[in-house]
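Participant:
Number of protein chains: 2
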Amino acid sequence: MPRAVSDGGENLNGADIGGSRASSHCVDSTGYRVSFPPKKSLLQEFSGSVKALFFAGDDPLRQYKEQPSWSKRVWLSLQNVFPVLEWGRHYTFGKFRGDFVAGLTIASLCIPQDIGYSKLAHLPPEIGLYGSFVPPLIYPLLGTSRDLAMGPMAVVSLMLGSLLQKEIDPKMHPLEYKRLAFTATFFAGITQAALGFFRLGFIIEYLSHAAIIGFMGGAAIIIALQQLKGFLGIKNFTNNTDIVSVMKSIFKSAHHGWNWQTILIAASFLGFLMVTKYIGKKKKKLFWMSATAPLISVIVSTFFVYITRADKHGVAVVKNIEKGINPPSASLIYFSGPFMLKGFKIGVEAIAVGRTFAGMKDYKLDGNKEMMALGTMNVVGSLTSCYIATGGFARSAVNCMAGCKTAASNIVMSMVVLLTLLFLTPLFKYTPNAILSSIIISAVLGLIDYKAAYHIWKVDKLDFLACLGAFLGVVFSSVDYGLLIAIAISIAKILLQATRPRTALLGNLPRTTVYRNIEQYPDVTTVPGVVIVQVDSAIYFTNSNYVKERILRLLEEEEERQRQQNCPQIEFLIVELSPVVDIDTSGIHALEELCRALVKCKIQLVLANPGPAVIQKLRSAKFIELIGEDKMCLTVGDAVKRFAPKAVDGV
Amino acid sequence: MPRAVSDGGENLNGADIGGSRASSHCVDSTGYRVSFPPKKSLLQEFSGSVKALFFAGDDPLRQYKEQPSWSKRVWLSLQNVFPVLEWGRHYTFGKFRGDFVAGLTIASLCIPQDIGYSKLAHLPPEIGLYGSFVPPLIYPLLGTSRDLAMGPMAVVSLMLGSLLQKEIDPKMHPLEYKRLAFTATFFAGITQAALGFFRLGFIIEYLSHAAIIGFMGGAAIIIALQQLKGFLGIKNFTNNTDIVSVMKSIFKSAHHGWNWQTILIAASFLGFLMVTKYIGKKKKKLFWMSATAPLISVIVSTFFVYITRADKHGVAVVKNIEKGINPPSASLIYFSGPFMLKGFKIGVEAIAVGRTFAGMKDYKLDGNKEMMALGTMNVVGSLTSCYIATGGFARSAVNCMAGCKTAASNIVMSMVVLLTLLFLTPLFKYTPNAILSSIIISAVLGLIDYKAAYHIWKVDKLDFLACLGAFLGVVFSSVDYGLLIAIAISIAKILLQATRPRTALLGNLPRTTVYRNIEQYPDVTTVPGVVIVQVDSAIYFTNSNYVKERILRLLEEEEERQRQQNCPQIEFLIVELSPVVDIDTSGIHALEELCRALVKCKIQLVLANPGPAVIQKLRSAKFIELIGEDKMCLTVGDAVKRFAPKAVDGV
């Protein structure tokens, strides 16, 4: 059955070279031996790890080192802290035109959204608007992104609201509730800035793409369901966010609590919003229709309610929005006592959610610098009556499509919101709540990325499980619990991979010196008298025992199979170490045990292509001396050639 | 600088074959294309994962399938549950002789140890002895190990004692304390058995070898320090286990609390024990000296105290040990109320420690079956006044050296303990506590494996950090806290590896088609116009962004270097995927981003040797269509040959 071939072709190049170096006993057939990487001092190793962990392997001071003069270095540092200094110098009127149009567009989108989102957080509507005034002024000075449009975000608002109301009832104690919200915002900002400053942004990377998709889908459904309160005109509604409580609330009120006038308004404008959104998606040029549709809906519906006085027929309206710009709120923040700690905790959870979303759509850039910018923005926001703001990506996408050129579009938006706060708030008096619900529903439905979920299902089943777990956690329990499930599943997945790595038998691709997985390459032939095994992971304490068992098991099976084919006795076990990028003391221990087990069956262990980390540790642990230096080969092909030359030269 | 060569040798074998298959556009130079593994159904994938996770990739029913008749299958199942049925059938008198001698030897070791260990757990001495009577009777019926000798163990006793006394004061409420101890034992047994039954034993694999070494060393020091109470004859001693409290306790009592007679006895016998131990280690044949030394010390010192009536001069003695065999204790276990939960928690923590130790010295065998045996043993033990027993490895080592043939040596030991309990307990009346302290100190000093710690330091610095963390946690805080630190560091290490994998540039080993890490192999030459990068980990959400950044950074650096050498423009980026054993949706997403970034610089992405999992997912995600099927190569050598043939044929 083994189709070993004998044409000269596979007599690899190195054969002749091997001869010329044959004086050394461990020269292999390609003329090279397995090399050791240069030894690094402890300090070098440590600084290498720190660079890898915090600076993506880059030298953080590289750009400074390249600059000769001190003044340039100072200027560089200033630019690093305030990116505006860089793009501001090249700012032109042409760019401003783009930013101006984009700013107007996102302002028209954000004003109705802000009012709606503040309701999700159980805060007065003007606080939502404040959040689109101060934060977008701060961000352009510090942030690195061109497209990100700042302001309150749906899921963060929901999260904040549901966490805050666990502590304080927003209806009974509105002032304390507001104070706690500012406290949470302040500490969220501090945490963001600190994580960014210490370059710990990577901590939040422990959420997989799949878990985020699931989490977002769940949050979108929860938010949409919550909006049914305004949509159906229900007065008594549950405070819980899980689907069971909400559905109960809705059906309990079905007989008398629904208001048909409200439903009519809400449904017709939801239809309008969805249609414009669909058009905007189909024809990129008409995106402005979907961007301005919310504001148009607000204006039209407000006018309609004002004329028909529908508010007297049970249609709930926004009523008063406080006029004027953000009042200072530094004195409202709890800097001591139990509410400080609670605010801190809530703030951290809320930014975890916010960051999650930011990570979604390629808005990563320099994650740590970005976090410092967001943190500073939120600290300033918390001192000026704003709650947690972040880069919402619905509005960021609109910003981008509207042709923004720099972060200055945020400033334009901010100015529009300023004018609204100063002069236009009375106009919102008759705006029906139902229209805000419709706007939010149409906004969050876009977060349900069923296509991505299907894609995940097709590509990776385990990933889909994480997605589903996060989704169900949010929908059936609560937002923070869903987040926890998402993190847990994500980490469990990594640990699982580290615990049960794949192992495979390799075979020879006929007429080559290439050895590949026999499951993947049906053409390969096994080499009589030799078993070749590949381990698909670093060998760590989590899998060292398993790897040993698996290798012995594969050896046993292959031995049995070869015996049935009347092949010669197995004499060598070759372990392909290319995918074994690292090993620890438990792993070396397992290899030693493997060796001992093999000695009993008179089989010799040969290692192929150990990488730098592995070879260094095997040497330190004196494992190389145990199996003999000639048993370390550069490739599997070399190993077979050296130890089973007959099998390759043709039996 | 690139030393590309032109001798025919490197024109790999496949060149001619390539021609014969050239009809297909993606045939590569060795004549093979990258294959896809056969598609598996969802069920096959799932059952494959389950087998890997729970049965080390083996078919659990394999042995049954091989058996034709039902009666044989039943017999096989019985043998699986009761391994005694297998080895019992071949039991001979010769084997019994070995077991008898071994049993006597370990009995002489265990009796003084048991009395001492029960003091660590703050339990009466007879309960320690009970633990060497019933559990060693149960284990041989169910257990798979030949060498393991059952009974109380030092660290588990310490852990149990320190956890229990946090709940109940053993001096004030001895009965309640005992009840809680039995409750903890009961639930420890249930947990062990359940973990074993559901094959979840692997959960406890999340403790690295290094962390265990550190933990054990710390525990040994803590135990030894605690023994200074008996050793120095101190009456008032702290209940805390951390080194600071203990040292304070000792120095506070230095003026008046020490008893010179006690110290004299303790020190001289400790010397005796250490010397015999040293001899036993040096000459394997004299191991019986170290095995019987404890019993000899007890006999001699007891006799000495009896004659001199040293107990009247402040030498504390054991006093009464209850005569008779284990009383039933089922009625003492808390099956409800808060103490049930506490007992449960304590039990679980204690077996986590016990299991840790079991994992130390190759006593792994069939971990899950073993855990079921230990669990059953402890459940029965808890019903017969024993506290948690496990396979102590000091006595297991002695058992092995004394020539035990089967688990029956446990039964012999059990019988000796039975006789002791029935007839010999009064003889321990004058046994000085100091001698027990000496025995425990000499026993646990062997747990401080400084050689292993040094070995870890030499081989793997990060592992050493885990070791040190666990050690310091135990010594300066408490046993359970140390365990927690050990687990946390162990898991953090895996996550770190998954977050910041190594990346490297590859180069060509002149005159071969082998490409290797340029840091490891100083001989390699780079290929002009091509950058070859290797990523040393599965690409997951934790590292996808980092990997992308690193690849781009390496590309940039290499581009700069090649430009300085006047090499042609970089046209291809080859990514060696051999170590990339898996990828998830985030990883594919990162590759797509990489592609997009490369398109901007007019560089094409080529992937070399994608494994089965990677190629399948890349196909499902339509990534292969994105970069083109001809960009998937079997080896880096093929890729270079196909896309930069000039560079290889000699520039």
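Which chain is which? The protein sequence lines are U and G, in order.
First residue of the first sequence? That's 1 in UniProt numbering, and the numbers climb one at a time after it.
First residue of the second sequence? That's 1 in UniProt numbering, and the numbers climb one at a time after it.
Glycine included, C-beta positions come from ideal geometry on N, C-alpha and C.
1) Could you name the residues of chain C that G/THR635 contacts, counting a contact when the two beta carbons are closer than 7 Å?
2) Return the first residue and the last residue of the beta strand (DSSP E) that U/ASN378 is part of.
3) According to the neighbour-count rule (16 or more other Cβ atoms, all chains shown, within 10 Å of its Cβ), is U/MET247 buried or exposed?
4) From G/ALA538 to U/ILE491, what distance separates their C-alpha atoms?
5) Does G/GLY189 pass the burial test, meaning 16 or more other C-beta atoms within 10 Å, or should it be called exposed?
6) Looking only at C-alpha atoms, which of G/TYR521, G/LYS641, G/GLU549, G/ALA590 sits nearest to U/LYS39?
7) Helix, strand or coil for U/ASN517, going by three-state DSSP, please let me know.
8) How would you list, in chain order, the residues of chain U whose beta-carbon sits under 7 Å from the beta-carbon of G/ILE115?
9) By the three-class DSSP mapping on this structure, what secondary structure does G/GLU576 have?
10) Can you name the residues of chain G whose CB is closer than 9 Å to the CB of U/ALA488?
11) Which residues in the same chain as G/ARG199 place their Cβ atom closer than 6 Å to its Cβ, once the five residues preceding and following it in sequence are excluded?
12) Do you know offhand how far G/ASN410's Cα is from G/ASP99's?
13) Counting only the same chain and skipping the five closest in sequence on each side, list residues whose C-beta sits under 7 Å from that of U/CYS26.
14) Evaluate contact between the region 425-439 of chain U and the region 165-183 of chain U, counting only Cβ atoms and requiring at least three cross-stretch pairs below 8 Å.
15) Which one of G/LEU42, G/ALA102, G/ILE307 has the shortest CA to CA distance from G/SER396?
16) Which residues in chain G have a C-beta closer than 8 Å to the C-beta of U/ILE588? List them in chain order.
17) Check distances from the C-beta atoms of the region 610-630 of chain U to those of chain G and list, in chain order, the residues that come in under 8 Å.
18) Between the region 528-556 of chain G and chain U, which residues of the former have CB atoms less than 7 Å from a CB of the latter, in chain order?
19) In whole angstroms, give me the CA-to-CA distance for U/ASN543 and G/ALA211.
20) Quick one: what's got a C-beta closer than 8 Å to G/LEU109's C-beta in the same chain, skipping five residues either side?
21) Determine, using beta carbons only, whether G/TYR521 comes closer than 8 Å to chain U.
22) Which ranges does the beta strand (DSSP E) cover as unbroken runs of at least 3 residues, wholly within the region 86-156 of chain G, from first to last along the chain?
23) How many angstroms separate the CA atom of U/ARG151 from the CA atom of U/PHE133?
24) Return no unless some Cβ of chain G is closer than 8 Å to the Cβ of U/ASP147.
25) Is there at least one non-hydrogen atom of the ligand FMN closer than 7 Å to the beta-carbon of U/GLU557?
26) So what does DSSP say about U/MET415, is it helix, strand or coil?
27) List the endpoints of the continuous beta strand (DSSP E) containing U/ILE532.
28) Determine, using beta carbons only, whether G/LYS617 and U/VAL581 come nearer to each other than 8 Å.
29) Against chain G, with Cβ distances strictly below 8 Å, would U/VAL581 count as a contact?
30) Does any CB atom of chain G fall closer than 8 Å to the CB of U/ASP480?
31) Closest by CA to G/ARG563, which one among G/GLN534, G/VAL533, G/GLY529?
32) State buried or exposed for U/LYS323, treating a residue as buried only when at least 16 other CB atoms are found within 10 Å of its CB.
33) For G/SER77, which residues in chain U fall below 9 Å Cβ to Cβ?
34) Tell me the DSSP secondary structure of U/CYS595 in three-state form.
35) Using a Cβ-Cβ cutoff of less than 6 Å, which residues in the same chain neighbour G/ALA613 once the five nearest sequence positions on both sides are dropped?
36) Excluding the 5 residues flanking G/ARG516 on each side, which residues of the same chain have their C-beta closer than 8 Å to its C-beta?
Facilitator: Answer, in terms of the structure:
1) You won't find chain C in this structure, because its protein chains are U and G.
2) Taken as a continuous stretch (DSSP letters only), U/ASN378 belongs to no beta strand (DSSP E), being part of the alpha helix (DSSP H) at 367-383.
3) U/MET247 comes out exposed.
4) 14 Å
5) buried
6) The residue with the shortest Cα to Cα distance from U/LYS39 is G/TYR521.
7) strand
8) Within 7 Å Cβ-Cβ: nothing; G/ILE115 doesn't reach chain U, min ~34 Å.
9) strand
10) By Cβ distance, chain G contributes nothing, its closest Cβ being about 13 Å from U/ALA488, past 9 Å.
11) PHE54, ASN368
12) 8 Å
13) Unreliable placement is indicated for U/CYS26, whose pLDDT of 35 sits below 50; no coordinate value is reported for it.
14) no
15) Ranking G/LEU42, G/ALA102, G/ILE307 by Cα distance to G/SER396 puts G/ALA102 first.
16) VAL459
17) GLY611, PRO612, ALA613, ILE615, LYS617, SER620, ALA621
18) Considering only beta carbons, the part of the region 528-556 of chain G lying closer than 7 Å to chain U consists of ASP536, SER537, ALA538, TYR540, PHE541, THR542, ASN545, TYR546, GLU549, ARG550, ARG553, in chain order.
19) 15 Å
20) Same-chain partners within the cutoff: ALA291, THR292, PRO294, LEU295, ALA394, ARG395, VAL398.
21) yes
22) 149-151
23) The sequence shown places Gly at residue 151 of chain U, not Arg. Near 8 Å, if we compare the C-alpha coordinates of U/PHE133 and U/GLY151.
24) no
25) This structure simply doesn't include the ligand FMN, nor any ligand for that matter.
26) helix
27) In this chain, the beta strand (DSSP E) harbouring U/ILE532 covers 530-535.
28) no
29) Yes, U/VAL581 lies at the interface with chain G (some Cβ there is under 8 Å from its Cβ).
30) no
31) Residue G/GLY529 is the option with its Cα nearest to G/ARG563.
32) exposed
33) Ordered by position in chain U, no residue passes the 9 Å Cβ test against G/SER77, which lies about 22 Å from the chain.
34) helix
35) For G/ALA613, where only same-chain residues beyond five positions count, the Cβ hits under 6 Å are ASP582.
36) LEU506, GLY507, LEU509, VAL524
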